[in-house]
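Take a look at the structure below.
Numbering (the working numbering), first residue to last: 409 to 669.
The following block contains the structure:
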């Protein structure tokens with residue numbers, strides 16, 4: 409195993425889900441084919457980033473038509489890479505337009521960003537760790553009259569949001585922001601855009617994930633995963649926890665062919 413291995417919340421979650429899946433993705437560098445849900449998520453991030461980057465200086469949101477155009481362009485560029493999917497690409501795009509419009513009209517207006525899509529690398533117990541800050545908002549407490557930073561993570565989903573899924577990512581982002589700015593006063597929010605018939609925005613408050621107990625747990629998980637990777641442990645755990653049901657590597661996975669079919 410080459411060293412150093414630079415971990416991220418995504419790679420750690422992948423390893424915890426299925427070690428064999430991690431091996432295919434991060435050692436063999438096999439690209440998993442995208443699905444409609446992934447296309448919607450990427451295009452939504454692109455559209456919202458387009459607005460928030462310029463808002464750092466202008467302090468004004470773009471017209472909603474500009475943001476929706478950015479979503480459509482980003483989505484259409486990826487469609488040729490799409491493989492067979494149970495979800496119709498056209499309907500997926502329509503649902504993506506709906507959630508981006510919802511975010512732009514209901515969520516974006518009060519946000520004043522100070523950082524957008526900022527990549528940061530730091531060390532966790534001497535282990536390189538990389539994170540990307542989707543959005544950092546600076547807010548003034550109306551009572552205490554002090555400023556604090558809020559890490560805002562954007563997620564798109566078709567199902568009920570699960571706070572636990574975002575824990576490692578948010579804690580890693582909080583540490584990254586502390587590393588970048590030198591401040592420890594950090595809050596965290598997950599903005600979940602749910603692609604239901606009537607689109608929904610669910611704001612999950614997660615300030616506790618930026619506190620010392622969560623940071624200590626985060627560091628312990630990262631260290632254990634790194635130790636296991638360096639020992640060459642790549643057990644196909646997906647065959648027992650149903651991760652195979654949506655894995656993009658089943659066509660090349662011996663464990664899936666032997667056990668999960």
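Each residue gets a CB set at the ideal place from its N, CA and C atoms; glycine is no exception. Note that the structure is a prediction, hence the values are computed from the model and not measured.
Query raised in the report: Got a sec, what are the start and stop residues for the alpha helix (DSSP H) residue 456 sits in?
Result: Counting along the chain, the alpha helix (DSSP H) containing residue 456 begins and ends at 444 to 466.
Query raised in the report: Can you name the residues that DSSP bridges to residue 609?
Result: Answer by DSSP bridge pairing, in chain order: 601.
Query raised in the report: Quick one, which of 482, 468, 564 and 590 has its alpha-carbon nearest residue 503's?
Result: Nearest of 482, 468, 564 and 590 to residue 503, Cα basis: 564.
Query - Bridge partner(s) assigned by DSSP for residue 538 - result: Residue 538 pairs with 529.
Query raised in the report: Count the other CB atoms within 10 Å of the CB of residue 465; is the residue buried (16 or more) or exposed (fewer)?
Result: Label assigned to residue 465: exposed.
Requested in this report: Would you grab the beta carbon distance between residue 478 and residue 455 for me? Rounded to a whole angstrom, and I think it's under 8 angstroms.
Outcome: Their Cβ separation, rounded to whole angstroms, is 4 angstroms, which keeps residue 478 and residue 455 in contact under 8 angstroms.
Query raised in the report: Does DSSP classify residue 563 as helix, strand or coil?
Result: Strand at residue 563.
Query raised in the report: Smallest Cα separation from residue 642: which of 619, 663 and 570?
Result: Distances from the CA of residue 642 to each of 619, 663 and 570 were compared; the closest alpha carbon is that of 663.
Query raised in the report: Cα separation between residue 522 and residue 574?
Result: Looking at the two C-alpha atoms, the distance is approximately 22 angstroms.
Query raised in the report: Should the stretch 585 to 602 be called in touch with the stretch 628 to 644, which here means at least 3 C-beta pairs below 8 angstroms?
Result: No, because fewer than three Cβ pairs between the stretch 585 to 602 and the stretch 628 to 644 fall closer than 8 angstroms, the two stretches do not touch.
Report task. Any chance you could list the alpha helix (DSSP H) runs of at least 4 consecutive residues sitting entirely within the stretch 485 to 521, in chain order? Result -> Qualifying alpha helix (DSSP H) stretches, in chain order: 497 to 510.
Query raised in the report: Where are the alpha helix (DSSP H) runs, 4 residues long or more, that stay fully inside the stretch 565 to 595, in chain order?
Result: Those alpha helix (DSSP H) runs which fall completely within the stretch 565 to 595 and span 4+ residues are 575 to 589.
Query - Start-to-end residues for the alpha helix (DSSP H) that takes in residue 626 - result: 620 to 638 is the span of the alpha helix (DSSP H), which, as asked, contains residue 626.
Report task. Please check the pair residue 423 and residue 623, which I expect to be a contact at CB under 8 angstroms, by giving their CB distance rounded to whole angstroms. Result -> Contact doesn't hold; Cβ gap of about 20 angstroms is too wide.
**Report entry** Close-in-space but distant-in-sequence residues of the same chain around residue 462 (CB under 8 angstroms, 5 per side omitted)
**Finding:** So the qualifying residues of the chain are 470.
Query raised in the report: By how many angstroms is the C-alpha of residue 571 removed from the C-alpha of residue 673?
Result: The structure shown does not extend to residue 673, since the chain is modelled only from 409 through 669, so no value can be given for it.
Query raised in the report: If you follow the alpha helix (DSSP H) that residue 645 is part of, which residue opens it and which one closes it?
Result: For residue 645, no alpha helix (DSSP H) run applies, since DSSP gives it neither H nor E.
Query raised in the report: Would you call the CB atoms of residue 427 and residue 645 closer than 8 angstroms?
Result: Contact flag set, yes.
Query raised in the report: If we ignore side chains and look at the alpha-carbon of each, how far apart do residue 452 and residue 458 end up?
Result: C-alpha separation (whole angstroms): 10 angstroms.
Query raised in the report: Under the rule that 16 or more other beta-carbon atoms within 10 Å means buried, what is residue 460, buried or exposed?
Result: Label assigned to residue 460: buried.
Query raised in the report: Just the Cα atoms here: how many angstroms apart are residue 544 and residue 584?
Result: The alpha-carbon atoms of residue 544 and residue 584 are separated by roughly 11 angstroms.
**Report entry** Sequence-distant residues of its chain with Cβ nearer than 6 angstroms to residue 482 (five each side left out)
**Finding:** Listed in chain order, the non-local C-beta contacts of residue 482 below 6 angstroms within the same chain comprise 451 and 454, local neighbours out to five positions each way being set aside.
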